[in-house]
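If you read the sequence shown in the UniProt record's numbering, its first letter stands for residue 1, the second for the next number, and so on.
Built from N, CA and C at the ideal position, the CB exists for glycine as well.
All of these numbers come straight from a predicted model, not from anything done at the bench.
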Amino acid sequence: QSIYAFRGANYDNILQFPIRNKATEVFRLETNYRSTPQILDLTNASIEQNKEQHKKVLRAERADGMLPAHVPCNFPEQEAEFVAERILQLRDEGVALSDIAVLYRAHSHRLSVETTLLRYDIPYEVRGGLRFFQQAHIKDLVAHLRLVDNPRDEVAFRRVLLLQPGIGNVTANRIWNAVTTQTSESDALVGAFENMDIAGLLPSKARACWPEFVKTIREIHAFREDPETAISIVLDSGYREYVLAKFDNSESRIEDLQQLAIFAGQYDSLN
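Structure, rendered in structure tokens:
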């Protein structure tokens, strides 16, 4: 499947196989047991436009169902608004929320839908994964923004520090205790990181990387009224490389973070 292109999948392999292997016999699996005839009619009409394909006509085993609706939307937020309003309409018509599902092609597509469902106070659960903002990589990045916006946010403070090389819980506690006695605003946090003798609290491995970390915090602070750029700063500070090294599905997670940056572009401050 082409969705696995990041692993080297290429649909051309299946198209070229009979050409490369002359003795190949092709068996077309055209009977579909999942979808209704109306959905397969739409699918066949779409597939027919493919310039490169193994010709096929999908046939349904299920009985007739509702006609699928094609709703053009200009941007993801508009799409999410339609989904949320349609869910509320169905609920008012007597359809149980537990009988409604929202399908998406990739996890990164769900951000606008999740935030809109929350805004409309529509309860939901994510199957096959965590909610968008519950994922570790999203929590990591958002923690950087929360730290700059509110230096007294201990959870964000510790989460960001523990991402730095050579810093563990003991060192994080020392820095937290030292810095929070002198800071209350984000500009004071930047000054404390730059001016206090933090280096004396750090092991040697962390000491070498500390100036770069302070530079990142300073840059986020400078763009605190431009969240999209602030997120890009975190990614470019080395967090992108951290994700690529730490997670098996790193490409998907990077796409999540890029979608988060785009989503943040509609806001004019971190708070």
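| Item | Value |
| --- | --- |
| From the beta carbon of ALA9, is the nearest beta carbon of chain B less than 8 Å away? | In summary, chain B is missing from the structure at hand, where a single protein chain is found. |
| Based on DSSP bridge pairs, tell me the residues matched to THR31. | ARG59 |
| Find the nearest neighbour of ARG34 within the set ASN44, ALA63, ALA45, judged by alpha-carbon distance. | ALA63 |
| Nearest by alpha-carbon distance to ASN249: which of ASP99, GLN135, TYR124, LEU161 is it? | GLN135 |
| Please state the DSSP three-state secondary structure of PHE223. | coil |
| Kindly indicate which residue of PRO227, PRO165, ASP236, GLU30 has the alpha-carbon position closest to the one of ALA208. | PRO165 |
| Taking only the alpha-carbon atoms, compute the straight-line gap between ARG253 and ARG218 and give it to the nearest angstrom. | 25 Å |
| Between which two residues does the alpha helix (DSSP H) containing PRO76 stretch? | 76-92 |
| Which stretch, first to last residue, makes up the alpha helix (DSSP H) that contains ASN10? | From DSSP, ASN10 is part of no alpha helix (DSSP H); its letter is neither H nor E. |
| Count the other CB atoms, across all protein chains shown, that sit within 10 Å of the CB of SER112; report buried if there are 16 or more and exposed otherwise. | buried |
| Spatial neighbours of SER204 within its chain, please: C-beta separation below 8 Å, excluding the five flanking residues on both sides. | GLY166 |
| Roughly how many angstroms lie between the CA atoms of GLU93 and ARG86, to the nearest whole one? | 10 Å |
| For the alpha helix (DSSP H) containing SER252, list its first residue and its last residue. | 250-264 |
| Can you tell me the Cα-Cα spacing of MET196 and LYS139, whole angstroms? | 27 Å |
| What is the rounded straight-line gap between the Cα of HIS221 and the Cα of ALA245? | 27 Å |
| Compare the Cα-Cα distances from HIS137 to each of ALA5, ASP12, LEU29, PHE247 and report the closest residue. | PHE247 |
| From GLU81 to TYR104, what does the alpha carbon distance come to, in whole angstroms? | 15 Å |
| So is ARG7 buried or exposed if we call it buried at 16+ other beta carbons inside 10 Å? | exposed |
| Just to confirm my understanding: we take GLN259, look at its own chain, exclude 5 residues before and 5 after, and list those with CB closer than 8 Å. What are they? | SER108, HIS109, LEU111 |
| In its own chain, which residues sit with a C-beta less than 8 Å from the C-beta of ALA264, not counting the 5 before and 5 after it? | PRO227, GLU228, ALA230, ILE231 |
| By the 10 Å Cβ neighbour count, where 16 or more other Cβ atoms means buried, how is ALA84 classified, buried or exposed? | buried |
| Relative to the C-alpha of GLU30, which residue among ARG146, ASN44, ILE198 is closest? | ASN44 |
| Under three-state DSSP, which class holds HIS70? | coil |
| Using the Cβ count rule (16 or more neighbours within 10 Å means buried), how would you classify HIS144? | buried |
| If you check the beta carbons only, do ILE175 and ILE198 fall under 8 Å apart? | yes |
| Rounded to whole angstroms, what is the Cα-Cα separation between HIS70 and ALA156? | 42 Å |
| Quick one: residues in its chain with C-beta nearer than 7 Å to the C-beta of ARG158, no 5 flanking neighbours on either side, listed in chain order? | ALA172, TRP176 |
| Buried or exposed for VAL95, please, with buried defined as at least 16 other CB atoms from any protein chain shown within 10 angstroms of its CB. | exposed |
| Quick one: grab the DSSP three-state call for GLY238. | helix |
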